[in-house]
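Enquirer: Heads up, the final residue of the sequence shown is numbered 124 in the numbering used here, and it's a clean run with no missing numbers.
Glycine included, each C-beta is placed from N, C-alpha and C at the ideal position.
Keep in mind it's a predicted model, so treat the numbers as computed, not measured.
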Amino acid sequence: MSSLRWKNFLPPALYYVAILSISALPASRIKKVNSVIPLPNDKVMHLAVYTGFGFVLATLPYPSAAIGMAGSALGALDEQSQRLSPGRDVSLRDWIADVLGISLGIFLRRRRQ
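If you want it as structure tokens, here you go:
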């Protein structure tokens with residue numbers, strides 16, 4: 012395992028901050044964006060965003076299972092944080108889409124190595 016430095020964690024951390032920033036938007040703001048730029052189905056969005064997150068997380072030199080568990084926990088934290096945003100709700104189905112996306116991202120990244 013290569014030595015880890017803070018810069019190894021910077022891309023996943025920035026990606027997660029972007030996810031949290033979008034998740035913090037109130038539902039009314041998302042509806043306004045959706046009226047200008049039609050967004051895909053909510054579950055497809057979760058799958059796509061978290062596939063990217065899993066891909067970035069998989070650059071870290073940890074076992075896939077550990078990365079998957081950490082990513083899944085961060086997905087759950089993201090879902091729970093939506094309680095704080097007006098009009099947003101917590102959904103087990105969203106979290107399942109997050110976990111599937113993380114798994115797919117890890118698979119795609121590790122398959123390339």
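So Gly116 and Phe66 are in contact, right, with Cβ under 8 Å, and what is the actual spacing, rounded?
Expert: Here residue 116 refers to the residue found at position 105 when the sequence shown is read from its first residue. Here residue 66 refers to the residue found at position 55 when the sequence shown is read from its first residue. So it is a contact: roughly 4 Å between Cβ atoms.
Enquirer: Could you check where the alpha helix (DSSP H) with Val101 kicks off and where it finishes?
Expert: Locating residue 101 in the sequence shown gives position 90, counting from the first residue. Per DSSP, Val101 belongs to no alpha helix (DSSP H) and is neither H nor E.
Enquirer: Does Ala84 come out as helix, strand or coil in the three-state DSSP assignment?
Expert: Along the sequence shown, one-based indexing puts residue 84 at 73. In the structure shown, Ala84 sits in a helix (DSSP, three-state: H, G or I).
Enquirer: Distance, Cα to Cα, Ile30 vs Arg16?
Expert: Within the sequence shown, the letter at position 19 stands for residue 30. Within the sequence shown, the letter at position 5 stands for residue 16. So the two alpha carbons sit approximately 23 Å from each other.
Enquirer: Measure from the alpha carbon of Gly86 to the alpha carbon of each residue in Phe118, Ile41, Pro74, Tyr26, then state which is nearest.
Expert: Residue mapping note: residue 86 aligns to position 75 of the sequence shown, counting from 1. Checked all of Phe118, Ile41, Pro74, Tyr26; the closest Cα to Gly86 is Tyr26.
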